[in-house]
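Heads up, the thing below is written out as structure tokens.
Protein chains: 2
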Amino acid sequence: MAVTIKDVARAAGFSVATVSRVLNGSGPVKPETERRVRDAARQLRFTPNVAARSLTTSRTSTLGVLLPDLHGEFFSEVIRGIDQAAQEAGYHVVVSSSHNDHAEITAALDAMRGRVDGVAIMSPTLDAAQLRADLPSALPVVLLNCADARGEFDVLGIDNRGGAFAMTRHLIALGRQRIAFVCGARGNADAEARLSGYRAALCDARAERRDEWELEGNFVQQSGYEAAHRIMAMSPRPDALFCANDAMAIGALAALREGGLRVPGDVAVAGFDDIPIARYMHPPLTTVRVDIAGLGASAVRTLLHAVGRKNAHERVHETLPTELVIRDSCGAAQLRAGRVS
Amino acid sequence: MAVTIKDVARAAGFSVATVSRVLNGSGPVKPETERRVRDAARQLRFTPNVAARSLTTSRTSTLGVLLPDLHGEFFSEVIRGIDQAAQEAGYHVVVSSSHNDHAEITAALDAMRGRVDGVAIMSPTLDAAQLRADLPSALPVVLLNCADARGEFDVLGIDNRGGAFAMTRHLIALGRQRIAFVCGARGNADAEARLSGYRAALCDARAERRDEWELEGNFVQQSGYEAAHRIMAMSPRPDALFCANDAMAIGALAALREGGLRVPGDVAVAGFDDIPIARYMHPPLTTVRVDIAGLGASAVRTLLHAVGRKNAHERVHETLPTELVIRDSCGAAQLRAGRVS
DNA sequence: TTGTAGGCGTTATCAG
DNA sequence: CTGATAACGCCTACAA
Numbered sequence: 256m257a258v259t260i261k262d263v264a265r266a267a268g269f270s271v272a273t274v275s276r277v278l279n280g281s282g283p284v285k286p287e288t289e290r291r292v293r294d295a296a297r298q299l300r301f302t303p304n305v306a307a308r309s310l311t312t313s314r315t316s317t318l319g320v321l322l323p324d325l326h327g328e329f330f331s332e333v334i335r336g337i338d339q340a341a342q343e344a345g346y347h348v349v350v351s352s353s354h355n356d357h358a359e360i361t362a363a364l365d366a367m368r369g370r371v372d373g374v375a376i377m378s379p380t381l382d383a384a385q386l387r388a389d390l391p392s393a394l395p396v397v398l399l400n401c402a403d404a405r406g407e408f409d410v411l412g413i414d415n416r417g418g419a420f421a422m423t424r425h426l427i428a429l430g431r432q433r434i435a436f437v438c439g440a441r442g443n444a445d446a447e448a449r450l451s452g453y454r455a456a457l458c459d460a461r462a463e464r465r466d467e468w469e470l471e472g473n474f475v476q477q478s479g480y481e482a483a484h485r486i487m488a489m490s491p492r493p494d495a496l497f498c499a500n501d502a503m504a505i506g507a508l509a510a511l512r513e514g515g516l517r518v519p520g521d522v523a524v525a526g527f528d529d530i531p532i533a534r535y536m537h538p539p540l541t542t543v544r545v546d547i548a549g550l551g552a553s554a555v556r557t558l559l560h561a562v563g564r565k566n567a568h569e570r571v572h573e574t575l576p577t578e579l580v581i582r583d584s585c586g587a588a589q590l591r592a593g594r595v596s
Numbered sequence: 256m257a258v259t260i261k262d263v264a265r266a267a268g269f270s271v272a273t274v275s276r277v278l279n280g281s282g283p284v285k286p287e288t289e290r291r292v293r294d295a296a297r298q299l300r301f302t303p304n305v306a307a308r309s310l311t312t313s314r315t316s317t318l319g320v321l322l323p324d325l326h327g328e329f330f331s332e333v334i335r336g337i338d339q340a341a342q343e344a345g346y347h348v349v350v351s352s353s354h355n356d357h358a359e360i361t362a363a364l365d366a367m368r369g370r371v372d373g374v375a376i377m378s379p380t381l382d383a384a385q386l387r388a389d390l391p392s393a394l395p396v397v398l399l400n401c402a403d404a405r406g407e408f409d410v411l412g413i414d415n416r417g418g419a420f421a422m423t424r425h426l427i428a429l430g431r432q433r434i435a436f437v438c439g440a441r442g443n444a445d446a447e448a449r450l451s452g453y454r455a456a457l458c459d460a461r462a463e464r465r466d467e468w469e470l471e472g473n474f475v476q477q478s479g480y481e482a483a484h485r486i487m488a489m490s491p492r493p494d495a496l497f498c499a500n501d502a503m504a505i506g507a508l509a510a511l512r513e514g515g516l517r518v519p520g521d522v523a524v525a526g527f528d529d530i531p532i533a534r535y536m537h538p539p540l541t542t543v544r545v546d547i548a549g550l551g552a553s554a555v556r557t558l559l560h561a562v563g564r565k566n567a568h569e570r571v572h573e574t575l576p577t578e579l580v581i582r583d584s585c586g587a588a589q590l591r592a593g594r595v596s
């Protein structure tokens, strides 16, 4: 079997209690004792048994992450941020994805019980109030990109509304008159906040708004592709298409090209997220930048805080800022050139 | 505290041994007993303490995944495949990324000791022989996309060489005479196998090959972008650019467009991986499809097999096939049209 | 078919 | 400062 604390104790000539104290820095020990214990531990390549430790301390040094789906760069970025922050804090990360409804989430949460010290849940369709009910014990939880639920949980999110508002205002400033919007998945909090920002900006500027200009979408390329085909059939045709994420904007670009329309000449196109590939599109995609990895890192920090406080603390409610990234797909470059000449 | 097996035993009116037998399906139990125990367990919402269970069984029901870096869709796809397969088998997944050299990998492996029943390691730069030396115990390990090491570990990989060979042959068949290649990261096994397939196909067809046509790259868009700029300055200019992955091909498309060259008219472009976005490029990208999620799923199956066998089994060495995906960036569509007319 | 009891490897609480 | 020893919650011979 593996080497245990007993073996170290025997080798060092002390009791297991002393070895434990040395290795955990708990309690006082004579320097000489410490040296001998450490030497023995090193020579035997002792690694504490995590299960045993976890059994007595009821801590696991691992955090859980629940994700809705694992498609595209968005989620890999979140995980990257989480993983990095966790690693720095000496924590492990167990991920579990494809949880799209309440039942799947509670099931996954149940399965994680005892394995993690806290959980980050990303579920833009989640009903938070319901969640609190059947949550295993006082497990620290941080919600990512969820609707409301302030007070119940720590909640981290993106300034979706502000970003969408800014982008829409930008399009209006560029002289676009008929701005269409491709929505994200129905019932998704991110999606709805972006839609709301779009509407607010139109309203704010007294720009025209039509129901038919709010097209269905679900965050994947294909839905942007289809939405673009639909606006091409409209008359008058929208002169701008703001997509609720970059993936759909990329799909839209392809469709408009096929339809023989020029971007941004005939139709301006904008996205949301600023995934790395956005700048390489043709034309380079104007979009709203979001620090996705930063969101993940914040989630870890928030969780670790809650773990320390045993989850009895003031709830955190943080919204990460977004930033307009002006490239060529909306004609800002052309506009600027026009002004100069 | 949480409810333990003792509470269930008391509530059901049996001993903990009987409860354990019922809940684990070990040993015989009277149907009536089983019913009462299950009822009690359900009513108390009993969930076994994983630490305690793990302490006695020395199994954790979780698998580890070590990844080099977490950029782009490639890794999110791998994780997706792993997560799904693991979930189906009732296993959890702990991920750890950013391990690029041997030291980081062994450190991460050490940290996972006792937390996982097996580990999948993706490290195209790994020296497998060295790894075996300082591996904690008989931990089942499966290597993904690593060089050699047959016999030492279970190894899963992609048919990089075959895919690159087929693509290069395709370009030659299309009449391309000067085919350049953008390499992947140096020292990366995938990258080198793809390069070797490219070379072999040129050689096989007695096509021209030049050192300057093998350009440096590192799998990210920017390096493809730069490589394309370099070939534009060559004379004679290559009439095809095969990139070791799609991300670089996308960067190359952007650069060629900026340079005023037509694709595929002036230069054919091809990628590798077939990430979802490839088909939405302009022109849609011809590439080599790889079932990345399938690779992850296979890794899980392989690991679970090894876990069952306590790692004493014939080593698996599997290579996943690739498939040519012909779109427009290489002119095959035009060629076909030409034939028809 | 069921119960008793020992042990898994640590940590933590006491005495010394 | 150090050493016994009792938990922690579960599984599994071994007995009954």
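Chains A and B supply the protein sequences, listed in that same order. Just so we're aligned: the first sequence equals residues 256 to 596 in my numbering. Just so we're aligned: the second sequence equals residues 256 to 596 in my numbering. By construction, the Cβ of each residue, glycine as well, lies at the ideal position given by its N, Cα and C atoms. Predicted, not measured: the structure shown is a model, and the values here were computed from it.
Check	Outcome
Please determine if the stretch 514-528 of chain B and the stretch 541-548 of chain A are in contact, where contact requires at least 3 C-beta pairs separated by less than 8 angstroms.	no
Which class does S352 of chain B belong to by DSSP, given the choice of helix, strand or coil?	coil
Helix or strand or just coil, what does DSSP make of V543 of chain B?	strand
Can you confirm whether D338 of chain A, when its beta carbon is compared against all beta carbons of chain B, has any partner nearer than 8 angstroms?	yes
Under 7 angstroms Cβ to Cβ from A510 of chain A, same chain only, skipping five residues before and after it: list those, please.	Y480, A483 and H484
Go ahead and pull the three-state DSSP assignment for I530 of chain B.	coil
Is A592 of chain B helix, strand or coil by DSSP?	Per-residue confidence for A592 of chain B stands at a pLDDT of 37, beneath the threshold of 50, marking its modelled position as unreliable; no derived number is given.
If you draw a straight line from the alpha carbon of V274 of chain A to that of V274 of chain B, how long is it in whole angstroms?	36 angstroms
Is the beta carbon of V562 of chain B closer than 8 angstroms to that of G373 of chain B?	yes
Just to check my reading of the structure: R449 of chain B and R464 of chain B have Cβ atoms closer than 8 angstroms, yes? What is that Cβ distance to the nearest angstrom?	Not a contact, Cβ separation roughly 15 angstroms.
Assuming T577 of chain A contacts V543 of chain A (C-beta within less than 8 angstroms), just tell me the rounded distance between them.	5 angstroms
Show which residues of chain B have a CB atom less than 7 angstroms away from the CB atom of P531 of chain A.	Q476
Taking all protein chains shown into account, decide if S378 of chain B is buried (16 or more other Cβ within 10 angstroms of its Cβ) or exposed.	buried
Just to confirm, is the Cβ distance from R335 of chain A to S478 of chain B under 8 angstroms?	no
Is there a C-beta anywhere in chain B that falls below 8 angstroms from the one on F527 of chain A?	no
Considering only C-alpha positions, which residue in the set A:T574, A:V320 and A:G452 is nearest to R368 of chain A?	A:V320
May I have the straight-line CA-CA distance separating D294 of chain A from A267 of chain A, to the nearest angstrom?	8 angstroms
A257 of chain B by DSSP, collapsed to three states: which one?	coil
What residues match up with C498 of chain B in a beta bridge as DSSP calls it?	B:V437
Going by DSSP, what residues sit across from A573 of chain A in a beta bridge?	Correcting the residue type first, residue 573 of chain A is Glu in the shown sequence and not Ala. Answer is A:L411.
Determine, using beta-carbon pairs with one atom in the stretch 418-426 of chain A and one in the stretch 485-500 of chain A, whether at least three such pairs fall under 8 angstroms.	yes
Locate the alpha helix (DSSP H) running through V274 of chain B, then write down its first and last residues.	V271 to N279
So which residues on chain A does E328 of chain B lean against when the C-beta distance must stay under 8 angstroms?	G327, E328 and S331
For V397 of chain B versus L390 of chain B, is the C-beta distance shorter than 8 angstroms?	no
I505 of chain A CB to nearest chain B CB: under 8 angstroms?	yes
Measure from the C-beta of N355 of chain B to each C-beta in chain A and report whether the shortest distance is under 8 angstroms.	no
Sorted by chain position, which residues of the same chain lie with C-beta nearer than 6 angstroms to F301 of chain A's C-beta, five sequence neighbours on each side aside?	V258 and V263
Taking one C-beta from the stretch 342-358 of chain B and one from the stretch 307-322 of chain B each time, how about it: are there three or more such pairs within less than 8 angstroms?	yes
With distances taken Cα to Cα, identify the nearest neighbour of R433 of chain B among B:V277, B:D409, B:S451 and B:E469.	B:E469
Taking 8 angstroms as the threshold (C-beta atoms), are N355 of chain A and D324 of chain A in contact?	yes
Grab me the residues of D409 of chain A's own chain with a C-beta within less than 6 angstroms of its C-beta, minus the 5 sequence neighbours each way, in chain order.	V397, T557, R570 and V571
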